[in-house]
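A.B. asks: Protein chains in written order, with my numbering: chain A, 12 to 347; chain B, 7 to 230. We treat Cβ as the ideally placed atom computed from N, Cα and C, and that holds for glycine.
(1) Taking 8 Å as the threshold, find out whether the stretch 32–50 of chain B comes into contact with the stretch 139–159 of chain B through three or more Cβ pairs.
(2) Less than 8 Å separating the beta-carbons of residue 287 of chain A and residue 259 of chain A?
(3) Between which two residues does the alpha helix (DSSP H) carrying residue 256 of chain A extend?
(4) How is residue 303 of chain A classed by DSSP in three states: helix, strand or coil?
(5) Are the stretch 115–133 of chain A and the stretch 314–323 of chain A in contact at 8 Å, needing three or more beta carbon pairs?
(6) Give me the chain A residues within the contact set of residue 200 of chain B, using Cβ-Cβ distance strictly less than 9 Å, ordered along the chain.
(7) Going along chain B, which residues have a C-beta under 8 Å from residue 80 of chain A?
(8) Any idea what DSSP makes of residue 340 of chain A, helix, strand or coil?
(9) When the distance is taken between beta carbons, is residue 135 of chain B closer than 8 Å to residue 214 of chain B?
(10) Is residue 258 of chain A close to chain B? Criterion is C-beta to C-beta, closer than 8 Å.
(11) Just tell me which of B:149, B:181, B:106 has its CA closest to the CA of residue 83 of chain B.
(12) Pick out whichever of A:234, A:37, A:44, A:81 has its Cα sitting closest to the Cα of residue 223 of chain A.
(13) Considering only residues of the same chain and omitting the five flanking positions on each side of residue 85 of chain B, which have a CB-CB separation below 7 Å?
(14) Since residue 212 of chain A meets chain B, which of its residues come closer than 7 Å, beta carbon to beta carbon?
(15) Quick one: what's got a C-beta closer than 7 Å to residue 29 of chain B's C-beta in the same chain, skipping five residues either side?
(16) Does residue 339 of chain A pass the burial test, meaning 16 or more other C-beta atoms within 10 Å, or should it be called exposed?
(17) Flag residue 146 of chain B as yes if its beta-carbon sits less than 8 Å from any beta-carbon of chain A, otherwise no.
(18) Nearest CA to the CA of residue 291 of chain A: which residue from A:343, A:337, A:97, A:212?
(19) Do you know offhand how far residue 89 of chain B's Cα is from residue 178 of chain A's?
(20) Quick one: is residue 59 of chain A buried, meaning 16 or more other Cβ sit within 10 Å of its Cβ, or exposed?
(21) Who does residue 58 of chain B pair with in a DSSP beta bridge?
(22) Would you verify that the beta carbon of residue 114 of chain A is, or is not, closer than 8 Å to some beta carbon of chain B?
(23) Using only the alpha-carbon positions, how far apart do residue 72 of chain B and residue 206 of chain B sit?
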């Protein structure tokens with residue numbers, strides 16, 4: 012499929028200007044999303060709904076490429092097949108990137124394919140798509156990324172690229188539904204209220220102790236904290252990201268059903284629980300906080316005293332289910 | 007109010023393993039006593055618990071192999087009116103609290119049989135059904151059935167019943183009951199939210215596909 016003109020012209024609908032047409036379904040998605048209460052795209056926003064596997068089958072790409080993209084999709088939605096090798100917790104990529112990484116407001120992954128290589132504050136250098144994917148393996152999956160250029164890494168990258176089909180490289184417009192947009196931060200946030208809400212709305216799936224649920228070695232409900240969850244270096248430990256994720260995606264099937272206050276309270280509660288150490292740990296929580304506070308942990312509760320009992324969060328050397336702290340892909344780059 | 011009502015279910019839901027011994031004993035039924043109490047149920051649910059898909063009238067759900075806690079909750083919900091069905095209500099009302107856990111235990115131990123009612127569906131319909139069951143349709147924010155009903159839609163614990171191998175007519179009736187507000191006994195409206203987003207074609211497609219799938223695998227060794 013070729014890149015087409017702004018669909019607003021074709022469809023005669025007035026409300027988005029810079030839309031890329033990837034499937035026939037874009038209007039369906041936007042109608043559904045706005046009816047659920049998500050904002051409609053702003054005039055200057057880039058709207059892209061990625062193609063589906065069905066579109067893949069129908070496309071005229073080389074069958075071998077299709078096979079590799081399908082493998083990337085399979086790895087993305089069943090990342091547990093790399094358990095013990097690259098993944099050391101109960102997550103799949105799709106545990107946080109809902110709808111196979113395609114959904115707006117659920118950090119759709121295709122923007123990485125059209126905005127990278129780019130500078131990232133988190134590691135203070137220019138990153139490639141593979142390095143971005145490696146980041147989620149290191150932190151969100153508490154693991155060790157597949158080697159750069161390996162079959163699995165290439166398959167995952169191909170899946171990301173294909174999702175971005177038809178979008179211009181380095182787009183100038185802001186992207187509709189990118190990331191986990193945080194609701195407005197309320198004046199105060201309460202651990203107790205968060206705990207109560209967690210019991211009422213989340214524990215039925217994620218368990219009273221955040222353990223989630225697995226059956227026959229398959230993750231049904233991922234673990235929001237503990238050894239089988241994301242580690243202290245993951246994007247999700249930023250309370251704003253977690254509040255944005257929860258508000259826009261949880262409880263499963265009922266997005267935007269919590270108030271902004273509730274989303275922040277429950278995110279605060281969830282991220283006040285223990286999880287595997289930040290792979291960038293220097294051996295001392297205060298020192299690690301000082302080093303990575305300005306670029307990262309200023310948004311998390313790492314190294315802080317927990318509101319409920321005064322326990323210092325992240326003050327341990329527990330790496331979860333893996334027997335190493337930091338994979339060697341976490342390293343500075345200077346281009347010198 | 008809602009929360010208080012749901013609390014017992016939530017406790018049951020969190021893997022029975024974590025329950026203290028005494029509580030487990032109190033909630034556990036006796037399958038042989040259950041067999042006696044279930045004598046009146048066989049005219050519809052059949053002697054082997056397999057139920058029946060009825061093309062014209064109401065279908066009778068397969069009960070064999072469903073989770074005991076789930077079955078008991080349904081029977082209590084018919085009694086209290088949180089789940090409404092004119093055919094089933096009088097039979098639920100016949101049962102004492104003890105008989106409820108007994109029949110639930112009895113049926114949960116039976117080996118399920120293949121589901122009925124999906125045999126004549128076209129490939130196209132089945133394909134649509136498979137997508138809904140395994141991947142969902144995010145253009146309508148229909149989350150895949152298996153993200154709650156578990157791998158192969160064979161059920162997860164007490165809260166999320168197995169729906170693979172259930173009869174198509176019954177699945178259709180339930181989804182329509184949720185749409186019509188006649189079934190509101192699901193915790194946190196989790197199922198109602200999804201059902202209300204489905205259209206008639208979706209419902210028929212997913213019901214046909216699910217009916218053709220194997221029910222709970224692990225129960226195969228257990229004899230009725």
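C.D. replies: Concretely, from the data shown:
(1) no
(2) no
(3) 250–260
(4) helix
(5) no
(6) 264
(7) In chain order: nothing, as chain B lies at least about 15 Å away.
(8) coil
(9) yes
(10) no
(11) B:106
(12) A:234
(13) 98, 99
(14) 194
(15) Confidence at residue 29 of chain B is low in this model, with a pLDDT of 44, below 50, so the placement of that residue is unreliable and no value is reported for it.
(16) exposed
(17) yes
(18) A:337
(19) 49 Å
(20) buried
(21) B:66
(22) yes
(23) 26 Å
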